[in-house]
Structure formats: structure tokens, C-alpha cells
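Okay, structure first, notes after.
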Amino acid sequence: MHLSSGRLLAGVLSISVFVCLILYNSLETQTFEHQRNYEDQQLELEKLEKQINLLENDARRSGQLMQSMLKKVFEERQELKSKTSQRMKDEEKEKENVDGAAVGFLPPPKKAEQIKKEARNAEEAAQQKAQEEQAIHGVIHPPEEPRKAVEMPDNIGGKVGIVRQFLDRISSIPPDNMCFAAISMTTPDNNNIQMLDIYTKLPFDDPDGGVWKQGYDIVYSEKSVQREKRLEVIVVPHSHNDPGWIRTFEEYYETHTRNILNNMLNHLQKMDEMRFVYAEISFFERWWAEIDEEKRELVKGLLKSRKLEILTGGWVMPDEANSHYYGLISQLMEGHEWIRNHISEDYKPRNHWSIDPFGLSPTISYFMKLSNFSNGVLQRVHYSVKKYLAERKELEFMWRQLWGNRDNSTDFATHIMPFFSYDIPHTCGPDPKICCQFDFRRTPGGGLDCPWKLPAVHITENNIKERAQLLYDQYRKKAQLFKTNVVLVPLGDDFRYDTEFEWNNQYANYMKLFKYMNAQNAWNVNARFGTVDDYFRLVHERLHEDSDNLPVLSGDFFTYADRNDHYWSGYYTSRPFHKRFDRVLQHYIRTAEILYSFMRMKGLEEDNALRLFGLLVDARRWMNLFQHHDGIAGTSKDEVMTDYGQKMFEAIKKSEEIIVTAADFLLRGKASRNSSITPSLLMEENLDTSESLPKKRVVMHGSEIILFNPLGNLRMETICVHVNALNTIVVLASEPTVTVLQQISPVLEFVNNKWVIDSKLYELCFVPTIPPLSFQKYLFKFGTPHNKAMIQSSFTGLQSSDFDTAPLGNFTFDNGLISAVFDPKTGHLASVSLKQGKSIPVKTSFVWYGARMKSPLPLKGTDNPSGAYLFLPNGPAKPLKIKQSFLAIQGRIMQKVLIANDGNMTFTHIIKMPLLSPSIEIENTFHLDNVQNVELAMRLEAGIDNGDEFFTDLNGFQMVKRRRFKQLPLQAHFFPMSSSAFMEDETLRMTLLSAQPSGVANLASGQLDVMLDRRLNQDDGRGLFSGITDNRKTTSSFRLLFEVPSRKISVNTKARITAYHSMHAYGQMLSLLYPPVVLLSSLNEGYIDNYKLMNILFSCDDTHLITLRTLAAPTIYDNNSVRIHIPRNSYAVVLHRFGIDCRFTTKLLETCSAMLDMKRLFMKTASRVTETSLTMLYDHLGDVNDVLLEPMEVRTFRLDYI
């Protein structure tokens, strides 16, 4: 078809008119843009001004070097000012003379996130310059020169030029800057206290410190008392309530906690000067359900008047070693949501209280900071570390994240209790035999006494002078350990204040003591009851008055020791069955949370929404309860662990119901959608009881499975299911003619000390590619198997009519990315080769530790053997003598080696290599039911020269460097591994990823010992009064990853205190913790072939959706304490961006943008998006559109739908 000249002319005229209209309407927009550009430049200048101020301060301390850098930054600022001035002139000229050639789609105004990003880039540029100057003077290696971008002609105009400018603006941190950010976030500020440095300095010799056994003799000058600021003493009554330990959660509530909270309500109203603090919301919510509305209002009044303070406000006080950060956030959100809904939107906890967890993680302090908390109190820190910090008055500090060295945004004010315990004998001062006398629960009639044989007595007119002097002296001595002359004196213990007797006696006697003390002018003291908030207010006031600051500390507080060489590294592994159960439950609940939220968005009818939300809340709360520091730690009585297991089993079943109902609802066409009908879907894995391992359901001919990817990232990984016929094939429902990579293999089981082939079942493995947060349907039907596996065995007698068999000689597996050689005598891994790489010697074996019964000299005092808490081996590990039989399954999609031991410790060790997987999968199944005092470990040895350093994770969130020290015993070198550890040298990194928490050690260069299970026949003297003999058959799963770092990116590995995984490692970790959900269905159920829940994909694989959580309205409590949980039409989106070690990947950094459109992220556009604090107690101002996540950030957003 040819255009006439008239039509062509008309078209040109139309376009000309359109362009003129655009020009006319764009003048005002350009003016706005020029103003915004100018404001952006001003922000950059302000950022540089701040940098200059910082450099000026540094220059005063560092002399000539810093002055040189300062001069360069001044020059940069002047150059930027000149450019800004010239640009404004040019822009004014352009406004008057618009060049038609440059007309196009104008870039939109910059978002706040972009401004922040550009300011950060300016700061990093200055830091880059500073590093170059330092390099010249020999301080660090010079940074790598950034790669030069391909230069484009300056005269590009029109749409091409403006589109290019727009893309430049919205892009994430450039690759070099991203690497710079990650690398610069691994080394500490030299002015900070670093825990690894402290360990290097400590002798760990434990001399007798006198009355403060693990410390030193504290003295003070009575003459200086009058010259000092007044001694402020805040005595804080508290009661520590364990939601399960010696008794179950319900038993503790019935026997203690109900009385504690009833007494609190009654006595705080009558006692004008009394105060009380409380932490565990799981108990508090149970009590709230029982009391009437009048009493609830009285509780709110006590909180408002600050006589009562809620500390932390989490569902529990969580274990900080074994808990994963998903569980930590979940239990914190559960407690805070309840507070917001039932106490008041105006009442918000401010202070953190972690006095009983057995070692402390900075991950928790970061989450408290993100929740807008101000301060925290800790207790269980190694006694040598406490002494070191006390000598320097550094028991109070700003706890900074290992990766937070660029500013103070992660700093969290922290107080460590200096003495042995949080009980009353160890909190008033250094001498426990004196402090115990001021625990007035221990007076006659209270049912307790003092073990030092000096009883507590009532305060009378006859003894008050002597008694007050004695207590005042302890307060004054304790004050010598802190900077501000303000003393925190906790007054409580486990399940205290449950009697009228204690409330009346503590209050009456202390009020007499306070009155007398405060009247003594020579003592210059003001003592009274108070809360933790009262204490920190005074501390910060004193610091402000003195123009002083707390020191900055980074690092963690593992492994904890309370005396002698008694290191609490045993609980990292105790009850591994329950530890693994916890991770499986977290996967189920996270999936249920996400799918329930999409059901609500999609219009689930109210009746079913209410019922399912009740199931979800119940399941979440049982999971959150297990995060308690005697739950997931595995340190409760046998019957209590059984109770936890039953609660988690019920939570899994409730989560399953939500998952299958949601899948049924979302996958049916609108016409056939009816959520009141019982779904026909089943979970492929079935759990029969709370004490058994899951079993696979069988996929029958003529049925289908539906896969759900619960991650926000595309995944391609091998899925294996059991089928009932050899001639079974799988096809993608939406494209049945397209071949799916698959393999059919035998199902083997080790029964009665021999390997047996199941004659009725087969394993079908295939490789799907599943988009983020998506469902995909696959059909199973008759057909000729595409790939049949071959069986190779090290023994005779194994026959199969379905599969070829062969003797097993030297054998090697290759999955396309990794080649693995196995020892033909043992079946164990012998070496690994990466593509185009050299062979890496690798050895796997099993070892065991015995339990010592008596402490070695020169340790003093009584000793305790290994138990639920303590790991006290009787020497180095011994090799496990294995009566093994092994075989190999070889195929294109999945290759396996199966090793079994038929000795006293029956277990199987399976190594898997799925097609194109970057990792080797390891699965150990064991049952320590026939041994005594044995601790079983898997040992990995590789040709890596890591010296005395390796890295373990903290709560699956961050990595921390560990180091061996000659002055520490073997048990001190075991650390918590929540989900990963790695060791590396300059040429190779070996990463171990774990599906369950356990203890891990690097006892020699190139070696990792990973604890698997422990069976101990005696108590370790830490209050449990029992050993660990309830071992269950348990499976532990790992992935082993080998990676070669790029030599092009220089990292000062010796200086860094933290590190990051590669993107491959993060992907494998997420796959291990959150595998695809497999649902079984019969044909013709009407389910659509696929369904996507995300509208916009994460362009960066380093962005992780922690959860999508439907928010709860206030619970309705009826007269029988029945709870009705009501969902809101609002949702919490919690996102995390990993810190990536870019030495192992560059593709990600070159192609992704971390900018997210939050409103359009999911299938239904939100009416409003609000950024909040982590647990949603606080809202940030303004509506949110685009969001830029920085490395290691966690951020929460509320999506509201009207």
C-alpha cells in the first residue's frame, strides 16, 4: 500500500503539532526538573560537607596523610560547585532556547531513594580517594580501577539520549560500587572494640578474683564520693518466665505465671513506689484472655504511668544461636502485633531484655534497632570477656553490626550485667553472699534460703544502719564498673513474684533501705525502684551532661562459658530431630503465610478467611513458642520436648490445610472456585506423627502434581518423587509435547543391615524451571522412560529386573558443573573438580567424642560432665569404625552414592549430585539409641590452607570470622552454625550449607567437624537434672559448594571480620531451606496449568522475600478464653537484600537493578504502601512507590487494599 503525498503531508503536520504541544507543556516541567536537579546537587554538596567534617576530625588525629586526603575532597567539592553553577546557567539558557532535536520523554523527578543512592555514591567516591591515598602510604592495597563504561557520543539527543539518561538514573549501584560497598563492609573501624581482638588478648586463665570469683577486688575511694555526681541506683523487680523447660508452657502458666501477673496487677496499684518489668508475651496473652475488661484497663493504666514496663515484647525470649532469622522476626512480630492491637497504639516497648539465652548474637540487636528500640540488657557473656570489659568500664557500649562500619546507623546501646547470673545474689554487687541477704523472698516463711549460710533478715530499726551500709557498699562497688555512676540492679529470678509473701516483703524492706540510704548525705546516693527505661534515661542524660559517648563494639558473644572450661557448645546440637523439625515448620508456615495473603487479595469469602486465619495464627504461635531459648536449644525435659514436638506437628498440619486450600482456590477458574469444598490436593511429603520422619506419598499413573515456588526468584532444580510404575513419564501440562529432562531410578532402603530394592516403587527425577511465586502443573502418564539409572554395588547379591546392575570399581560422577571422584574401598568422596579447574582433594568421614567425667588440672572447683548444655569431651575425636556397604546410582539427572553402617551406630550417608547443580548434596540419617555418652560428628577435609580462621553464620543472616586460639580448649572452638559455614584460602572456598542448626568447628587447617547428634547419660549441672537419652531417628541435610574467587578483585582477607556468600551459595541455601512445594492431585480437577502471583519480578537474585504476612485485627476473646482471630486487608512485606561476595560472580551485579515498585509488586496493585519499622510498631511518613534496597538491609512495608 502506497501513501499519497497529501496523506504524508497531513501526517507530518499532525506530528509537528503534537511535538509543539509537548514542547509547550514541557516548559513548566523542565523548570521543575531544573530545580530538582539543583536540589540534588545541593544534597550531594551537603554530603561532601559532612565528609569533610569527618575528615577534618580524622586529620587532627592522623596528621599529614589525612590532610592530604582532605585537600583532595576540598578540591572535589570546589569542582562540583563550579559544575553546578555552570549547569544552572546552561539550563537557564536551554529554557529560553529549546533545541527541537533534544525533545523527547523527559526523565521523571528523582525519588528519595535515588537521591540517597547518589549521595552514597558521592561518599563512596570520597572513600575510594581516601583508600588510594592510604595505598600510597602502604596502609592497604590500592583498589582496582573501575571498568570504563563504553563512551557514547555527547551529542546524542532525542528519545535515545533521554532514555539513556533515565536508565542511568534508575540503575542500581554500579558493579564496581557494589563490590566496593560489600568489600568495605567487611573490615572494622580501628577505633572500635572488636570481639576477635579481645579474644586475641585474653589469657583465659581464670584466676580467683575473691568474692567476685571470676573478676577482681573492686575498691573505691570514700573521699571521692562527695565530689562525684550522685550515685543513682535503679532496682528493677522482674520475673523470668520460661515458656517450657522443666515443665510445659501450660503447666508453668497454671502453677506460676498466672499468679505472677495477678499479683503484679494487684500490688502495683497499692504500692506507690513499686515497679515491675515483664517480657514474654506468649504468657501475657494467655493471661489477658482470662481477665475482664476492667482489669485490662488497669493494666493499660500501669503501662501508661510507667509503673509497669514490657521489655522486648516478643512472643518469647529466643535462643540466639540456633534460631533462624525468619523465626526471630516472626516471634517478634507476633508479640508486637499483639501489643499494638490490645494494649494501645500509643504504647510501644523501647528496651530489649535478653538475660537467659546462652550466648548472644548481633543479629538480634539489629532487629531491635530496626524495630525502633533504643537500648538492651544482656547477661550470658563469657566470664573472661565480662572481666575484660569491666576493667575498662566498657560493659556498656554501642553494639554495631559487623558489616555496619560505614556509619552508626546500626548502633544499639547495650548493657551487660557484670556478674555470674541474673538472680538476686549476683546483681546487687560483686559479693553474692551479701546480695543474697537482700533477697527478702528468702526470709523465714518464703520457702528459700541462701546457700552461703547467711540468711536474709527483715529490716528493722535495730539493724537498718548496718544493713543499709552493707547494701550501699555493694551498689557503690558495682558503680565502679560503669562510666556514668548509674547502677542497674535487677531484683528477680525465674518465676519470682508469684506469691503475696514476696511482693510484700521485697517492697516493705527495700523501701526502708532506700529511705535510710537516701538520707545519708555522706553517701551521695539516690536509690529507688524503677524500670529498665528509667535506668537508660539516666544513663543517656549523664552521657549528655558529660559530653561523653559509649564505646562502639562489634562481634558476637559465642561460645559462652560460665565457669572453668565449661563451654556451652553442646546445646548447638542437642535434640537435632527437633532442630530439623523447626526448619521444616518454618518453611511450611512461611508458605502458608504467603498463600493465605494471596487468597485474601483474590477475594476469599469471609467465613473461610476467618477459619483459615485462625489456623494460621495458631500455627505461627506454636512455631514462635519453639524459638524460646530452652525450645530450639534442645535443653528441656524429655516430656517438654515431646510437648514442643506435638505442638509443631499440629502447626504443620494446620499449615498444610492452608497451603492446599489456597492452591485449590487460586488454581481453579473463577466459575468453579468454591473454598468451602474440601480440596482434593495432598502434600507430597506426609508426616504421620510428631516423632517420625516424613514419608513420600506415591504419584499414581494418570495423576498430576502441582509445584509451587515459594521464593521470589526463578529456580531450576531437580525434583524427585515416588511413582508406582517403571513406565512413567512426566510432561509439563501447558506444553505436553515438550520433553522434560527426567530419569527413573530404583528406590532403595537399608533394612536389617542390608540394602533392599523396593519392588513396587520407583523414583522419578525431573528438572522443572519455576518462575518466582508461581504454580506449575505436571502430568504423569504411561510412556517409555527417557533415562533409566544403573545400579553399581560394592557387594554381591543385589539384583534387579528393572535396572542394569554392575560391580563398583573406580567411579566418578559428573553433573555438568562438578566432577566428583569416590574412594572405591569406602564409597566416600575423595576429590572434586570444577569445570576447567584442578582436582581438589576432599575427604568425608565420621568421628565421635566421648564425655569426660572429671576436670583436668589445674581447674578448680567441682566439675560437671557433658549434658544438654555443656560439651566437655574426654579428648580429641576418634574415628568411627564403619561396617559399611555401599552402592552407586548413576544417571543423567541424578547420581547418588549410598553408604550404610551396620555397627552399634546405625546410619546411612547419601551423597547426591543433581544435574547442573553447583553443590554436592549430603544426607545423613542416624539413630543414637544403642550407645552411651557419644557425640557423633561428620568430618570434612579439603585441600584448603585456611590456617586458623574460618567463618560461621549468625542466624542465617550474616557471617562472622572465627579463629583458633592455643589458650582455649577444644570445646571452646565449636560455634553455632544456624545454616552455613565456610573456609577458604586465596584460591578456593568450601562452603557447607545446612538445613538444620548444629555445632561446627575448624580444629585444623582444611577441616570442618559438624556435630550430628549427642546421647549423654547424665546431667551437666545447669538446672535440667537429666541427660539426653530421648534420641530419635533423624535426618540431617547439607550442601557442599566449592568456588574459585576471581583474582581481579582484591580483598584484605586478614583484616575483615565478616564476609559474604556468593550468589550461588545464597541460592543453594534458599533451595535447602525453602524447597519447591509438591502437591498431588488426580486428573480433571479443573486446575489451571500455571499461575503467577508476582506482577513485577525481582531483577536482582540477591533480593529475598522474607515473608508476606496478613496482618491481624484485635483478637476477640469470649468468656471462655476462646479466641477469634480476624484478618485485616493489609499485609506486611519484609524484604532482605543479601550482601554478595562479588569475587565469585559478576553477572548479577552487571545486569540487575535493586529498585522495586512496591505498589505493583504483586498480582493486585496496593492502594497504599507505607514503610514501617521491622515489626510495624512505627510508620514512616509518606506513601512509598519505588524502593532501593542496600546490601544487608531488611525493610518492612505495609500494603493496604481498600
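The numbering of the sequence shown is full-length UniProt numbering, which starts it at 1 and goes up by one. The beta-carbon is built from N, C-alpha and C at its ideal position, and this holds for glycine as well.
- Query: Count the other CB atoms within 10 Å of the CB of Gly809; is the residue buried (16 or more) or exposed (fewer)?
  - Reply: The sequence position of residue 809 within the sequence shown is 809, counting from 1. Gly809 comes out exposed.
- Message: Less than 7 Å between C-beta atoms, sequence neighbours within five positions excluded: which residues of the same chain meet that for Ala1166?
- Response: Numbered from 1 along the sequence shown, position 1166 holds the residue referred to as residue 1166. Same-chain partners within the cutoff: Lys1159, Leu1199, Asp1200, Tyr1201.
- Message: Between which two residues does the alpha helix (DSSP H) holding Asn504 run?
- Response: As a working mapping, residue 504 is identified with position 504 in the sequence shown. First-last of the alpha helix (DSSP H) with Asn504: 500-519.
- Message: Using only the alpha-carbon positions, how far apart do Leu1097 and Lys777 sit?
- Response: For the purposes of this step, residue 1097 is identified with residue 1097 of the sequence shown, where counting begins at 1. For the purposes of this step, residue 777 is identified with residue 777 of the sequence shown, where counting begins at 1. Distance between the alpha carbons of Leu1097 and Lys777: 21 Å.
- Message: One question on the structure: do Leu915 and Leu898 come within less than 7 Å of each other, judged by their Cβ atoms?
- Response: Here residue 915 corresponds to residue number 915 of the sequence shown, with the count starting at 1. Here residue 898 corresponds to residue number 898 of the sequence shown, with the count starting at 1. Contact flag unset, no.
- Query: For Ser1081, which beta-bridge partners are listed by DSSP?
  - Reply: Along the sequence shown, one-based indexing puts residue 1081 at 1081. Beta-bridge pairing links Ser1081 to Glu704.
- Query: According to DSSP, what are the bridge partners of Lys754?
  - Reply: The count along the sequence shown starts at 1 and reaches residue 754 at position 754. For Lys754, which the question treats as bridged, DSSP gives the partners Val751.
- Query: Do Leu261 and Trp245 have their CB atoms nearer than 7 Å?
  - Reply: In the sequence shown, the residue the question calls residue 261 occupies position 261. In the sequence shown, the residue the question calls residue 245 occupies position 245. Result no, Cβ atoms of Leu261 and Trp245 do not sit closer than 7 Å.
- At which residues does the beta strand (DSSP E) containing Leu491 begin and terminate? As a first step, residue 491 is located in the sequence shown; it is residue number 491 there, counting from the start. Element bounds for Leu491: 486-494.
- Just the Cα atoms here: how many angstroms apart are Tyr1087 and Leu1079? As a working mapping, residue 1087 is identified with position 1087 in the sequence shown. As a working mapping, residue 1079 is identified with position 1079 in the sequence shown. Their backbone Cα atoms lie some 12 Å apart in a straight line.
- Where does Asp1020 land, buried or exposed, given buried means 16+ other C-beta within 10 angstroms? In the sequence shown, the residue the question calls residue 1020 occupies position 1020. So Asp1020 counts as buried.
- Taking the alpha-carbon positions, what's the Ser354 to Phe813 distance? Residue mapping note: residue 354 aligns to position 354 of the sequence shown, counting from 1. Residue mapping note: residue 813 aligns to position 813 of the sequence shown, counting from 1. Roughly 49 Å separates the two Cα atoms.
- Query: If you count every other CB in all the chains shown that lies within 10 Å of the CB of Ala609, and 16 or more means buried, which is it?
  - Reply: The count along the sequence shown starts at 1 and reaches residue 609 at position 609. So Ala609 ends up on the buried side.
- Item | CA-to-CA distance, Met913 to Leu488, given in whole angstroms | Working through the sequence shown from its first residue, we reach residue 488 at position 488. Working through the sequence shown from its first residue, we reach residue 913 at position 913. Approximately 56 Å, taken between the alpha carbons.
- Query: Between which two residues does the beta strand (DSSP E) harbouring Ser994 extend?
  - Reply: Numbered from its first residue, the sequence shown carries residue 994 at position 994. Segment 989-994, the beta strand (DSSP E) holding Ser994.
- Task: Rank Phe613, Arg441, Ser221 by C-alpha distance to the C-alpha of Pro1114 and give the top, closest one.
- Result: Taking the sequence shown and counting its residues from 1, one reaches residue 1114 at position 1114. Minimum Cα distance to Pro1114 is reached at Phe613.
- Task: For Met1192, count neighbouring C-beta atoms within 10 Å of its own C-beta (all shown protein chains included) and say buried if the count is 16 or more, exposed if not.
- Result: Locating residue 1192 in the sequence shown gives position 1192, counting from the first residue. Buried.
- Message: Whole angstroms are fine: how far does the CA of Asp804 sit from the CA of Gln792?
- Response: Position 792 of the sequence shown, counting from 1, holds the residue named residue 792. Position 804 of the sequence shown, counting from 1, holds the residue named residue 804. Cα to Cα, the separation comes out at about 9 Å.
- Between the region 1029-1036 and the region 1116-1127, do at least 3 Cβ pairs fall closer than 8 Å? no
- Beta-carbon separation (whole angstroms), Tyr1060 vs Met959, contact threshold 8 Å: Taking the sequence shown and counting its residues from 1, one reaches residue 1060 at position 1060. Taking the sequence shown and counting its residues from 1, one reaches residue 959 at position 959. Correct: roughly 7 Å between the Cβ atoms.
- Touch check for the region 901-912 and the region 978-985: three-plus C-beta pairs under 8 Å? no
- Task: With a 10 Å radius around its C-beta and 16 neighbouring C-beta atoms as the bar for buried, classify Val1133 as buried or exposed.
- Result: Within the sequence shown, numbered from 1, the residue matching residue 1133 stands at position 1133. Classification of Val1133: buried, given that the 10 Å Cβ count is 16 or more.
- Task: Kindly indicate which residue of Trp848, Leu779, Met683 has the alpha-carbon position closest to the one of Pro694.
- Result: Along the sequence shown, read from residue 1 onward, the residue named residue 694 stands at position 694. The option with the nearest alpha carbon to Pro694 is Met683.
- Task: Determine the direct distance from the alpha carbon of Ser636 to that of Phe1025, and round the result to whole angstroms.
- Result: Taking the first residue of the sequence shown as 1, we reach residue 1025 at position 1025. Taking the first residue of the sequence shown as 1, we reach residue 636 at position 636. For Phe1025 and Ser636, the distance between alpha carbons rounds to 10 Å.
- Message: Just to confirm, is the Cβ distance from Val316 to Glu280 under 7 Å?
- Response: Within the sequence shown, the letter at position 316 stands for residue 316. Within the sequence shown, the letter at position 280 stands for residue 280. Yes.
- Item | Contact under 7 Å by Cβ, Arg620 with Ile594 | On the sequence shown, position 620 is the one that residue 620 refers to. On the sequence shown, position 594 is the one that residue 594 refers to. No, Cβ-Cβ distance for Arg620 and Ile594 is not below 7 Å.
- Beta-carbon gap between Leu817 and Pro918 smaller than 7 Å: What you label residue 817 is simply residue 817 of the sequence shown in a count that begins at 1. What you label residue 918 is simply residue 918 of the sequence shown in a count that begins at 1. Yes, Cβ-Cβ distance for Leu817 and Pro918 is below 7 Å.
- Three or more C-beta pairs below 8 Å linking the region 194-209 and the region 480-500: no
- When you compare only the Cα positions, how much space is there between Asp902 and Asn322? Residue numbering aside, residue 902 sits at position 902 when the sequence shown is read from its first letter. Residue numbering aside, residue 322 sits at position 322 when the sequence shown is read from its first letter. Roughly 31 Å between the two C-alpha positions.
- Query: How about Lys711 and Ile658: do their beta carbons lie closer than 7 Å?
  - Reply: Locating residue 711 in the sequence shown gives position 711, where the first residue counts as 1. Locating residue 658 in the sequence shown gives position 658, where the first residue counts as 1. Correcting the residue type first, residue 711 is Leu in the shown sequence and not Lys. Not in contact: Leu711 and Ile658 (Cβ atoms no closer than 7 Å).
- What are the complete beta strand (DSSP E) segments, minimum 3 residues, inside the region 552-586? 552-554
- Query: Closest to Ala413 by CA distance: which of Ser374, Tyr422, Ile310 is it?
  - Reply: Here residue 413 is taken as the residue at index 413 of the sequence shown, counted from 1. Checking every option, the nearest Cα to that of Ala413 belongs to Ser374.
- From the DSSP output, which residues share a beta bridge with Lys912? One-based indexing of the sequence shown puts residue 912 at position 912. Note: Lys912 sits in a beta bridge opposite Lys896, Glu921.
- Task: State the CB to CB distance for the pair Leu870 and Arg1022, rounded to an integer number of angstroms; the pair is presumed to be in contact (CB under 8 Å).
- Result: Numbered from 1 along the sequence shown, position 870 holds the residue referred to as residue 870. Numbered from 1 along the sequence shown, position 1022 holds the residue referred to as residue 1022. That pair is a contact at about 7 Å.
- Query: Hey, quick one: how far does the beta strand (DSSP E) through Met977 stretch, first residue to last?
  - Reply: Residue numbering aside, residue 977 sits at position 977 when the sequence shown is read from its first letter. Segment 975-977, the beta strand (DSSP E) holding Met977.
- 7 Å Cβ cutoff met for Gln996 and Arg611: Counting from one through the sequence shown, the residue named residue 996 turns up at place 996. Counting from one through the sequence shown, the residue named residue 611 turns up at place 611. Result no, Cβ atoms of Gln996 and Arg611 do not sit closer than 7 Å.
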